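Written as structure tokens, this is what we have:
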């Protein structure tokens with residue numbers, strides 16, 4: 001029962017916000033978020049390629065990370081070999097230095113790629129959000145008064161309902177993984193006792209779309 005109340009509250013809030021902001025602002029705002037996420041994942045490799053080939057930023061970050069890892073590994077090795085004879089220590093140091101450099105380069109590759117993947121995604125996502133923000137300002141309800149503003153507000157109800165439904169679908173899609181990882185059994189129990197939540201979960205368009213990709 002409480003699950004249905006939460007879903008109804010989300011939908012009602014989205015509908016009210018949709019009416020207040022109007023159709024164009026609500027629709028463009030929602031479309032902006034969706035496109036920024038999707039295109040961010042699709043286009044971020046191009047940003048990484050540009051940063052690697054046209055700037056020295058990637059190489060600089062990669063080198064600093066590798067140096068830091070190698071230094072930490074060397075310090076730990078020196079501390080561990082305290083009291084060992086110098087001859088044996090020299091042999092071990094050479095082997096450890098070689099291994100440390102190899103490990104440092106490998107880890108630095110992974111960390112650098114992760115950092116620049118995030119940067120590339122954020123650059124694309126923020127650029128798209130900026131474009132849609134400008135469009136939102138141009139077509140917002142506040143810019144349209146009278147009959148046009150009234151129609152915009154009325155249509156905003158449907159756009160708000162769609163936005164709320166998408167949000168509910170996303171939350172329901174994440175429900176089972178979250179409850180499994182954190183042991184939040186009350187979430188699954190709440191879903192089992194929910195009429196509206198159970199129906200939307202069984203007919204979750206997002207889950208259907210994801211399954212269709214595999």
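Residue numbers (this note's numbering): 1 to 214.
Every residue gets a Cβ at the ideal spot worked out from N, C-alpha and C, and that includes glycine.
Owing to the predicted nature of the structure, the values given are computational and were not obtained by experimental measurement.
Do residue j and residue i count as a contact pair if the criterion is CB distance below 8 Å?
| i | j | result |
| --- | --- | --- |
| residue 116 | residue 28 | no |
| residue 172 | residue 200 | yes |
| residue 106 | residue 65 | no |
| residue 128 | residue 35 | yes |
| residue 5 | residue 167 | no |
When you compare only the Cα positions, how much space is there between residue i and residue j?
| i | j | result |
| --- | --- | --- |
| residue 109 | residue 48 | 13 Å |
| residue 189 | residue 169 | 18 Å |
| residue 157 | residue 19 | 5 Å |
| residue 196 | residue 7 | 8 Å |
| residue 3 | residue 22 | 28 Å |
| residue 151 | residue 25 | 13 Å |
| residue 202 | residue 52 | 45 Å |
| residue 153 | residue 44 | 36 Å |
| residue 103 | residue 63 | 13 Å |
| residue 134 | residue 46 | 24 Å |
| residue 136 | residue 33 | 12 Å |
| residue 60 | residue 50 | 15 Å |
| residue 58 | residue 69 | 17 Å |
| residue 56 | residue 192 | 54 Å |
| residue 114 | residue 67 | 18 Å |
| residue 174 | residue 155 | 29 Å |
| residue 194 | residue 54 | 55 Å |
| residue 1 | residue 31 | 31 Å |
| residue 130 | residue 208 | 30 Å |
| residue 198 | residue 138 | 40 Å |
Is the shortest distance between the beta-carbon of residue i and the beta-carbons of chain C less than 8 Å?
| i | result |
| --- | --- |
| residue 125 | Structure shown: chain C not included; a single protein chain is present. |
In terms of residue numbering, what span does the alpha helix (DSSP H) encompassing residue i cover?
| i | result |
| --- | --- |
| residue 13 | 2-21 |
| residue 193 | That residue, residue 193, is in no alpha helix (DSSP H); it is neither H nor E in DSSP. |
If you pair each beta-carbon of the segment 112-128 with each one of the segment 30-44, do three or more pairs fall below 8 Å?
Yes, since at least three Cβ pairs between the segment 112-128 and the segment 30-44 fall closer than 8 Å, the two stretches touch.
Decide if the segment 153-170 is in contact with the segment 9-24; the criterion is three or more beta carbon pairs, one per stretch, under 8 Å apart.
A contact between stretches requires three or more CB pairs, one per stretch, nearer than 8 Å, and the segment 153-170 meets this requirement with the segment 9-24.
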